[in-house]
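Novice: Take a look at this one; I'll ask things after.
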């Protein structure tokens, strides 16, 4: 039965939509299929990898390639067994028989239903040349071969060549062999001036000086050139210049930037990683170490600081701090970025294409992509970073790396701090004597005298409870523990003119460690009433009003201050905090007026234990009464209640924020349940509002109010230190006492105010006015050195024998901090040393590094690559694609194992990719033009054997990159002329055979650096933080969020203006504009090949950019100092920029131009002044402005020549 080709049915390869997806528009760029087809001689061997796979990959693999999810007709054109299999009476490819091959029929079909690729695919039909290649391949047997890049390179033999006299290094043999195959003779050597300039630019990124050129030209030794190669690679300052030039391309690949890139695009600190890269290039770090330390330096055994810094390679990616961003999503994005970058830079693979599905072209499955992701999925980092005002922040995880000088200073300060702390930890006997004497004098000066009254009666409201008098004068509660109760205690004393009541809350034997009776140890006095009458009298009890209260300890998590007991509006009372802190408590009350009777005095104290927290009664209590003098009253400190807050109260604008009063301003009692504003906001307690710390409040245009109650024994003035964001108004008892209308962020000690306080209770209200953004405040009482008592010293007024151990220690500590001369001196010295250390610590460089979690995160295949769609049925562990060989069992399944696998001898990609990148940096284009893609979509190498020879040479020479570079630089192919050969260009327009040296425009960095170097402005120093040279005003503001810490560009000082471009601060949202004009990338993603464009804007930069105008002026100044006559100056200037002596006709043009410019500026001296005012570099006072301006414009013209900005 005959084969009916025209009637293939569904289920076979019979309909066009089974062969290619409708709407396919993925057009590969840079593929060599048509080019190879046209260039392949009729008798030459047609190879699948070199000629056929590129065609199929471009036209067919989208639907008939490795990705099973989108594969049509169950057909893989990348697999020999599939294309040759019987498909029901026919085969896609019949080896040796093109006419019987369905592939041949389809690419030659004319009907829209049959032709491949189909018209709707947006793919071009195969050209006639491509069709002929396919036919020749089929008829030759349709042999498939493994993809060249996935086969471990072997050293090929050196080919014999016709022009053996042109062989300087083994590289030349491979280049010459290809030229021989096409019947092309090699180009002659370039001139000595051209070669030495080329060499300097390629190695150091800077041109040679005229003196260096002359030294080379005058050296007649046969190895003069080779010695210059060695000198540039190994001697200073050249080796540092080499590092700066070659590191630039690595920063592109590593996507280095000085900002985070997303949302705020805030600044971040990772320049120490750049310094590591510079040191690696300068010191010729072997490439295997270069790779391992960047991928996994932090995981190396006993990793050094430098190796940890190196791991920052994988922290260079963009990060987000956008509010509302989902952390889990960005953790995936960061890991995916690391996979894409690592695979592109080191392996030359487009692995990122397998994130959502199997790779469309290369044999990398989606599972294998997430196996790679697992290497990078457990970094100890947040997905969403916090926002900060610090533009020098290193985002966690980070490493602090002090300089040697800083390390020495830190060690000195640490030793000093340790010594002072040891001194302060020891209490000398003389200090004990001084303290005891001070406290005795304090009690005498205050007139405080205590008496232990007689307990007449003590009862509980619960009849089951008994208050038993103890020998030490205390009362001990016994019996059952009720939930709530009252104690009533009657006291008698012969004293009168009493003023103080002291309550000693003592630990209860057999109970908790605190002052409470229950096992938890806490107690809460919810209310306390103190009454008096004459002893022996039946007169009614008279209530005693209290003016002031103090306790040596208050519970801080809620509003349980001692002053609550003397407020009529309080419902909480005082808590002893016994469940948190053990030991006894002191509670002291000051009466409004003296009380007592000459014939003797009785007191009745009613303790209410009515807290909603049951079983919070005192278990053991002792009461004392005391007198105090007027001087003593003045000595007592003010007691400050806890803060309350009300707000936020929004308003329309800044003016209204300051002017609008919402009600709290007039308050005289903040505890009253009063609501303010349209929303009825009232004051509420907030335990996070504390003194001596900046407290954050709700932001936005409007106001927040904070308030507290202050009790003072006497009227007085109190100085307070304030901070606010933005301004503030301060009210005491309803009267404004201070205000500031400012725009600022809250910080400690921004303002000082004096607060007038009356005796007794005072209300303080602070209105914090915010004009936009975050809000906050700061509050601190300034100690009056003339007032001897602080809250911590009040316990010094009680009999010392009644203090518990903890109280005595605390009193001694307070005395040392506030009084002891020796201790305060040491404390001041310690504070100074600590402050100096803290200030220095802020200056210590930090750098972002890799650091893995102790427990790795689980990694799953993500459905369609979406972070929130993990396929939990497909967990994966760290591994590498099977096509490259899996990890050995004895290799750790982490980044270190990945790095070690990369550097194994049988890895097919790493050495090739590295050698190809080096070739690209020298010749402008790699042996593989698609240097970021060695996969099926990548270009076939122009010289496959040479690439393999270089890869093996690099690997077997212990990964010595400079050895390989020296071999390239000393080759004949490198030293040949760059003149385009018309006879060859027609057949090889891209010069892939390297029949002449490829002339290239200098990189963006080289163009700027050359201008600085030629002008004498360049400031050379290897490494250091990024700098901010000239750029047009307002660029950062245009792209920045209002609160970004890189919103405002602040130009650096003079040295920063003139450093090499490598160090320019790289704001990803607005990269350096002049560099970007000359094709520098944004560094938002990995770039291993910069495009080269030619635009009018580039000329405008060279003519008008402030950096280049200033450089032209300084080049002119330098030239005028170089020689006494115009011709010598013109030659010198021309040589500085182009590396050669001008021809006579060119010198004539230069003379004419100079004369014209002199005439121009002599007639317009103001124009000359305007030109010379550009830039901050000083200008000579002894040169007339028109003369300097003329030379400046001439210098600008020469700096802008095509020859000046081109490496010939």
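In my numbering, the protein residues as written are 4 to 1211.
C-beta atoms are modelled at their ideal positions from N, C-alpha and C, and glycine is treated no differently.
1) Among 682, 710, 527, 671, which has the Cα closest to the Cα of residue 690?
2) Name, in chain order, the residues that DSSP records as bridge partners for residue 534.
3) So who's on the other strand from residue 733, going by DSSP bridges?
4) May I ask you to list the residues that DSSP assigns as paired with residue 519?
5) Nearest-angstrom Cα distance between residue 87 and residue 343?
6) Roughly how many angstroms lie between the CA atoms of residue 237 and residue 205, to the nearest whole one?
7) Closer than 6 Å by C-beta to residue 462: which residues in its own chain qualify, once you throw out the five before and the five after it? Chain order, please.
8) Please confirm whether residue 850 and residue 275 have their CB atoms less than 7 Å apart.
9) Jot down the residue ranges of each uninterrupted alpha helix (DSSP H) in the segment 260-296, minimum 4 residues, whole runs only, in chain order.
10) Enumerated in chain order, which unbroken segments of the alpha helix (DSSP H) with a length of 4 residues or greater are wholly contained in the segment 361-441?
11) Rounded to whole angstroms, what's the CA-CA distance from residue 821 to residue 827? Just pull it up for me.
12) Among 164, 416, 230, 505, which residue has its Cα nearest to the Cα of residue 801?
13) Across which residues does DSSP place residue 457 in a beta bridge pair?
14) Who does residue 715 pair with in a DSSP beta bridge?
15) For chain D, is any of its Cβ atoms less than 7 Å away from the one on residue 268?
16) Out of curiosity, what's the CA-to-CA distance linking residue 1205 and residue 353?
17) Closer than 8 Å by C-beta to residue 398: which residues in its own chain qualify, once you throw out the five before and the five after it? Chain order, please.
18) At the level of alpha carbons, what is the spacing between residue 1224 and residue 1177?
19) Could you check how far apart the C-beta atoms of residue 1058 and residue 1022 are, in whole angstroms? I think they sit under 8 Å.
20) Taking the straight line between their C-alpha atoms, what separation do you get for residue 249 and residue 239?
21) Any contact of the segment 676-691 with the segment 639-656, i.e. 3+ C-beta pairs under 8 Å?
22) Let's see if you can read the secondary structure: which residues bound the alpha helix (DSSP H) around residue 67?
23) For the alpha helix (DSSP H) containing residue 966, name the first residue and the last one.
24) Is there contact here, the segment 207-225 with the segment 1030-1039, by at least three beta-carbon pairs under 8 Å?
25) What three-state label does DSSP hand residue 845 in the structure shown?
26) For residue 311, count the other beta carbons within 10 Å of its own beta carbon; 16 or more makes it buried, fewer makes it exposed. Which is it?
27) Look at residue 927 and residue 933 and say whether their C-beta atoms are less than 7 Å apart.
28) For residue 126, is the classification buried or exposed, using 16 other Cβ atoms within 10 angstroms of its Cβ as the cut-off for buried?
29) Grab me the residues of residue 110's own chain with a C-beta within less than 7 Å of its C-beta, minus the 5 sequence neighbours each way, in chain order.
30) Do you know offhand how far residue 35's Cα is from residue 117's?
31) In whole angstroms, what separates the C-alpha of residue 543 from that of residue 814?
32) Can residue 1212 and residue 906 be called in contact, C-beta distance under 7 Å?
33) Please classify residue 1221 as buried or exposed, where buried requires at least 16 other C-beta atoms within 10 Å of its C-beta.
34) How far does the beta strand (DSSP E) with residue 1205 in it extend, from its first residue to its last?
35) Going by DSSP, what residue range makes up the beta strand (DSSP E) through residue 589?
36) Expressed to the nearest angstrom, what Euclidean distance is found between the alpha-carbon atoms of residue 115 and residue 68?
Specialist: This is what the structure holds:
1) 710
2) 546, 607
3) 741, 769
4) 621
5) 35 Å
6) 15 Å
7) 491
8) yes
9) 274-285
10) 369-377, 407-428
11) 7 Å
12) 505
13) 495
14) 763
15) Absence of chain D from the displayed structure is noted, only one protein chain being present.
16) 36 Å
17) 263, 271, 318, 322, 384, 388, 851
18) Residue 1224 falls outside the range modelled here, since the chain spans only 4 to 1211, and no answer is possible.
19) 5 Å
20) 15 Å
21) yes
22) 64-67
23) 964-972
24) no
25) helix
26) buried
27) no
28) buried
29) 119, 129, 134, 137
30) Any reading at residue 35 needs caution, since the residue's pLDDT is 44, under 50, leaving its predicted position unreliable; the model's value is listed next. If you take the alpha carbons of residue 35 and residue 117, they lie about 26 Å apart.
31) 40 Å
32) Past the boundaries of the shown model lies residue 1212; the chain is included only from 4 to 1211, so the question cannot be answered.
33) No statement about residue 1221 is possible, as the shown extent of the chain runs from 4 to 1211 and does not include it.
34) That residue, residue 1205, is in no beta strand (DSSP E); it is neither H nor E in DSSP.
35) 588-598
36) 22 Å
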